[in-house]
Each structure stands twice: as C-alpha cells, then as structure tokens.
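Top line first, the protein sequences correspond to chains A and B. Residues 144 to 253 (my numbering) make up the first sequence, in order. Residues 1153 to 1245 (my numbering) make up the second sequence, in order. No residue lacks a Cβ here, since even glycine has one placed at the ideal position from N, Cα and C.
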Amino acid sequence: MQLLLDVISWVLLTLGGIAVLVGGIGALRMPDLYTRMHAVSVTDSLGAILVLTGIMFQAGLSLATIKLIAILLFLLLTSPTASNALASAALIAGTKPLDEPDGGNTGAGR
Amino acid sequence: MYYVFTLATLVTMALALARAILGPSVYDRVLAVNMFGTKTVLLLAAIAFLYGRPDFLDLALAYALINFIGTLAVLEFFRSRVGQRGDKDGGRA
C-alpha cells in the first residue's frame, strides 16, 4: 500500500516538474506577452494541481492535507484572476497581440 | 522523490528571473514575478515534506496570498501611471 502511494506520488511529482519546466522554458522563449501568458498559465494550473496532489498522497489524512487543499484552491482561484487582470491591463495600455489577420477584430476575449 | 521536482522548480525560477530581467515591457516583468511567486509556493510545499517540517505549509499559504495581492497592486499602480502620461509607449519602460 505504501509502495503504491509512493509510485503515485513519484508519477505526479515528476509530471508536475515537467509541466513547470516546460512552462518556464515557454515563458523565456515565446515571442509575445500574450503567448508568454499562455505558457505561464500551464505552470500555474496543471503544475500546481499535479504537484500538490502528489504531495497530498504523501501527507495522508492529516492537517497538512487540509493546508495543501487550501493552497491548491487558492492558487486555482487567484492565478486566472491575476492573468485576466494582467491581460486586460496590457490590452488597455496598448500592447497589441503579435499576429492580427484582419486588424484584430476577431481577437478572442475582447 | 522531492529532489526532482525541487530541481525543476529551481531551474524554472531561474528562467522566470531571466524573463523578468529581459522582459521588454512592464507587463512581462509582472508576469514573470507572478510566475516566480507561484513557483515559490510550490517549492515551499515541496521543501516542507523534503525536510519533514510541515509547518512550512503555512508559509506557502501566506506567500500565495501576498503574491496575488502584490500582483494586483503593481498592476493598479502601473495602470494609473500609464493613464497619467498619456499612454504614448504602450507600457514600455
């Protein structure tokens, strides 16, 4: 039983590490602010879910699991909010998306 | 098993710092700092179990709160700054 939990934790933590690393590389290599936000949102949502769930399997039923669930819920609530505020602030300030086929009239999220 | 994730997170934090230094506009820097804060939360949660001290989870929770409020405060500050100087350069600084 403990071995099974360890294997599940290994898989989840490794997948979370891969997601976080891919998002970090994307945040450095993407050409545009909005594509960078797209890369960073992977680490904020998928990486946080995988890593914190993997740690929860190690913590077992304890107070630490409740704290981890609180951290996960808070991250899932606040990181899209911060991304939305950042994107709308950049759009209001005049940062154009990189590729606009017909003048940006069909851009999503207006 | 926490070593792999800790190393990946440290590398990602270095990449986020590079983006925060390189980033051409203010919003790139804010994005990189926000990402750095989220990675700090995950790193604190991993270190709490790496060293067997679950008290660090309280620090992670507090850091998540402060990170969110800080990002919104910085964005609000720069929005009022951009409005004052007439938005000539599209937030570049």
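Kindly list, in the order they appear in chain B, the residues whose Cβ is closer than 9 angstroms to that of residue i.
{"i": "Asp242/A", "result": "Near Asp242/A there are no residues of chain B at all, since even the closest Cβ is about 17 angstroms away, more than 9 angstroms."}
{"i": "Gln145/A", "result": "None at all; the shortest Cβ gap to chain B is about 13 angstroms."}
{"i": "Val194/A", "result": "Phe1157, Thr1161, Leu1194, Ala1197 and Ala1198"}
{"i": "Phe200/A", "result": "Within 9 angstroms Cβ-Cβ: nothing; Phe200/A doesn't reach chain B, min ~11 angstroms."}
Return yes when at least one heavy atom of the ligand SAH lies under 7 angstroms from the C-beta of residue i, else no.
{"i": "Ala225/A", "result": "Judged by which ligands are present, the structure shown has none, so any question about the ligand SAH falls away."}
Let me see if you follow: with CB-CB separation under 8 angstroms, is residue i close to chain B or not?
{"i": "Leu204/A", "result": "no"}
{"i": "Val163/A", "result": "yes"}
{"i": "Ile212/A", "result": "no"}
{"i": "Val183/A", "result": "yes"}
{"i": "Leu156/A", "result": "yes"}
{"i": "Gly252/A", "result": "Low confidence applies here, because Gly252/A scores a pLDDT of 48, under 50, leaving its location unreliable; read the following figure in that light. For Gly252/A, the answer is no, since every Cβ of chain B falls outside 8 angstroms of its Cβ."}
So which residues on chain A does residue i lean against when the C-beta distance must stay under 7 angstroms?
{"i": "Val1182/B", "result": "Leu229"}
Can you check whether the C-beta of residue i is within less than 8 angstroms of a C-beta belonging to chain A?
{"i": "Ala1216/B", "result": "yes"}
{"i": "Arg1205/B", "result": "no"}
{"i": "Leu1227/B", "result": "yes"}
{"i": "Leu1209/B", "result": "yes"}
{"i": "Ser1232/B", "result": "no"}
{"i": "Gly1238/B", "result": "With a pLDDT of 49 at Gly1238/B, under the threshold of 50, the predicted position of this residue should be treated as unreliable, though the coordinate-derived value follows. Chain A, which has no Cβ nearer than 8 angstroms to the Cβ of Gly1238/B, makes this no."}
{"i": "Thr1164/B", "result": "yes"}
Which chain B residues sit within Cβ distance under 8 angstroms of residue i?
{"i": "Thr178/A", "result": "By Cβ distance, chain B contributes nothing, its closest Cβ being about 11 angstroms from Thr178/A, past 8 angstroms."}
Please list the partners that residue i has in chain A, where partner means a Cβ-to-Cβ separation under 8 angstroms.
{"i": "Leu1167/B", "result": "Gly167, Ile168, Ala170 and Leu171"}
Please list, in chain order, the chain B residues whose beta carbon lies closer than 7 angstroms to that of residue i.
{"i": "Ile151/A", "result": "Ordered by position in chain B, no residue passes the 7 angstroms Cβ test against Ile151/A, which lies about 11 angstroms from the chain."}
{"i": "Leu218/A", "result": "Thr1190, Val1193 and Ala1216"}
Counting pairs of Cβ atoms below 8 angstroms between the segment 1163-1174 of chain B and the segment 1184-1195 of chain B, do you hit three or more?
yes
Is it the case that the segment 1156-1164 of chain B contacts the segment 163-172 of chain A, given that we only count it when at least three CB pairs across the two stretches are under 8 angstroms?
yes
Cβ pair count under 8 angstroms reaching 3, the segment 214-224 of chain A against the segment 166-181 of chain A:
no
Is the segment 1195-1206 of chain B touching the segment 1220-1227 of chain B, taking contact as three or more C-beta pairs under 8 angstroms?
no
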